[in-house]
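Those letters in the sequence shown? Residues 286 to 455, by the numbering used here.
Just so it is clear, CB atoms sit at the ideal spot from N, CA and C, and this is done for glycine as well.
Since the structure is predicted, the reported quantities are computational estimates derived from the model, not experimental observations.
Shown next, in structure tokens, is the structure this report addresses.
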Amino acid sequence: MTLTVIAMGSNLDDPPRQLKVACQRLSKLPGLSGLSVSRVFTSPPMGPQDQPSFFNAVAKCHYAEEPRRLLAELQAIEQAMGRAKLRHWGERCIDLDIIQMGEQLIHEIDLVIPHPGISERIFVVQPMIELLGGDHKVPGLDDLVTLRHKLKYQSISLCEDIDISGAIMA
Numbered sequence: 286m287t288l289t290v291i292a293m294g295s296n297l298d299d300p301p302r303q304l305k306v307a308c309q310r311l312s313k314l315p316g317l318s319g320l321s322v323s324r325v326f327t328s329p330p331m332g333p334q335d336q337p338s339f340f341n342a343v344a345k346c347h348y349a350e351e352p353r354r355l356l357a358e359l360q361a362i363e364q365a366m367g368r369a370k371l372r373h374w375g376e377r378c379i380d381l382d383i384i385q386m387g388e389q390l391i392h393e394i395d396l397v398i399p400h401p402g403i404s405e406r407i408f409v410v411q412p413m414i415e416l417l418g419g420d421h422k423v424p425g426l427d428d429l430v431t432l433r434h435k436l437k438y439q440s441i442s443l444c445e446d447i448d449i450s451g452a453i454m455a
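This is the structure we're talking about:
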């Protein structure tokens with residue numbers, strides 16, 4: 286079983302509900318166990334600014350299968366939930382990204398682990414700190430607290446009234 290971190294984001298079609306549905310579907314994946322999820326945060330979009338803010342969370346779990354299998358499972362969840370890529374870094378009902386799988390380093394055309402954008406995304410780093418602690422290190426990067434400090438110019442807000450952890454199926 287490999288410690289696995291998955292980022293979730295949504296800015297369309299009731300984003301908190303989309304994150305809950307994604308959690309439910311993640312919890313049912315074969316080979317996945319010990320799923321826990323961070324609190325939900327909002328942040329401005331990274332790409333075009335003429336779209337709604339994103340709701341983001343991070344899930345931590347243990348996964349027994351190969352990374353490519355997880356990628357296929359996440360893409361299947363996105364498709365089943367109605368994701369349509371309208372434009373690069375554009376709006377979407379759900380986005381699921383593999384952030385880390387243990388100490389694995391994978392650099393393929395359609396699969397890069399750790400995710401190459403971690404060090405540029407406070408909306409991934411802050412929820413990871415909640416789940417893994419500030420001293421956690423992603424292979425090839427500084428610890429999470431150091432990464433967060435480098436991203437202090439980015440805006441992020443905690444959604445105190447949204448809890449998606451109850452969506453995890455036992």
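Segment limits, alpha helix (DSSP H) that includes Glu415 | Counting along the chain, the alpha helix (DSSP H) containing Glu415 begins and ends at 407-417.
Is the beta carbon of Phe326 sitting closer than 8 Å to the one on Ile441?
-> For Phe326 and Ile441, yes; Cβs fall inside 8 Å.
Report the three-state DSSP secondary structure of Glu445 (helix, strand or coil).
-> If DSSP states are grouped into helix, strand and coil, Glu445 belongs with coil.
Can you name the start and end residues of the beta strand (DSSP E) that Ile384 belongs to?
-> Per DSSP, Ile384 is one residue of the beta strand (DSSP E) stretching across 380-386.
What's the C-alpha gap between Gln262 and Ala292?
-> Look at the range of the chain in this structure, 286 to 455, and you will see that residue 262 is not part of it.
Collapsed DSSP secondary structure at Leu297 in the structure displayed = Residue state, collapsed to three classes: coil.
Candidates Gln364, Ala365, Leu443, Arg302: closest to Pro329 by CA position | Just measuring C-alpha positions, the residue of Gln364, Ala365, Leu443, Arg302 sitting nearest Pro329 is Leu443.
Opposing strand residues paired with Ile403 [DSSP bridges] = Checking the DSSP bridge columns, you'll see Ile403 has no partner listed.
Asp380 burial status per 10 Å Cβ neighbour count (16 or more: buried) = Its Cβ being crowded by 16 or more others within 10 Å, Asp380 is buried.
Compute the beta-carbon to beta-carbon distance between Gly425 and Pro399, rounded to the nearest angstrom, for a pair I have assumed lies under 8 Å.
-> A Cβ-Cβ separation of about 7 Å places Gly425 in contact with Pro399 under the 8 Å criterion.
Name the residue from Lys305, Thr287, Lys437 whose alpha carbon lies nearest to the alpha carbon of Cys378.
-> Checked all of Lys305, Thr287, Lys437; the closest Cα to Cys378 is Lys305.
Limits of the unbroken beta strand (DSSP E) element including Ile362 = It is not in any beta strand (DSSP E) - Ile362 instead sits in the alpha helix (DSSP H) that spans 352-365.
Nearest residue (CA-CA) to Arg406, options Asp298, His434, Leu355, Gly387 = Nearest C-alpha to Arg406 among Asp298, His434, Leu355, Gly387: His434.
Between which two residues does the beta strand (DSSP E) carrying His392 extend?
-> Annotation: the continuous beta strand (DSSP E) that includes His392 extends over 391-393.
Proximity below 8 Å, CB of Val290 to CB of Cys308 | In this structure, Cys308 does not lie closer than 8 Å to Val290 by Cβ.
Can you give the Cα-Cα distance for Leu314 and Asp448, rounded to whole angstroms?
-> Taking the Cα positions, Leu314 is about 21 Å away from Asp448.
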